[in-house]
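Engineer:
Numbering (our numbering), first residue to last: 187 to 283.
Next up, the structure:
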């Protein structure tokens, strides 16, 4: 499992990885930087964590499957996002209030 917070998205066609990427947004809809974004597997086990960029962007490289993404912000709370990824890139936006 590799993870990164920002940059270009590129997944080779012959790879067994998918990209779970998104943005943590404030209640006003703008990006919310500094959030701890966690990736949980299908059983709810912690797999990886990144800090969102200043613009709220985050990215995980993972195996195909079902994932839960949870954002924890020092000054805000937010829901979780769930995604099932078979191949390619899966966008997930999380609003924190």
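Every residue gets a Cβ at the ideal spot worked out from N, C-alpha and C, and that includes glycine.
1. Kindly list the residues whose CB is nearer than 7 Å to the CB of residue 215, restricted to its own chain and excluding five residues on each side of it in sequence; keep chain order.
2. Whole angstroms is fine: what's the gap from residue 188's alpha carbon to residue 246's?
3. Quick one: what's residue 213 bridged to in DSSP?
4. Is the beta carbon of residue 254 sitting closer than 7 Å to the one on residue 226?
Structural biologist: Here's the rundown:
1. Position 29 of the chain shown, counting from 1, holds the residue named residue 215. Within the same chain, no Cβ atom closer than 7 Å to the Cβ of residue 215 is found once the five residues on either side in sequence are excluded.
2. As a position in the chain shown, residue 188 is number 2, starting the count at 1. As a position in the chain shown, residue 246 is number 60, starting the count at 1. Note on residue 188: pLDDT 38, under 50, position unreliable in the model; the coordinate value appears next. Answer to the nearest angstrom: the Cα atoms are 7 Å apart.
3. Within the chain shown, numbered from 1, the residue matching residue 213 stands at position 27. For residue 213, which the question treats as bridged, DSSP gives no partner whatsoever.
4. Indexing the chain shown from 1 puts residue 254 at position 68. Indexing the chain shown from 1 puts residue 226 at position 40. Yes, they are a contact pair.
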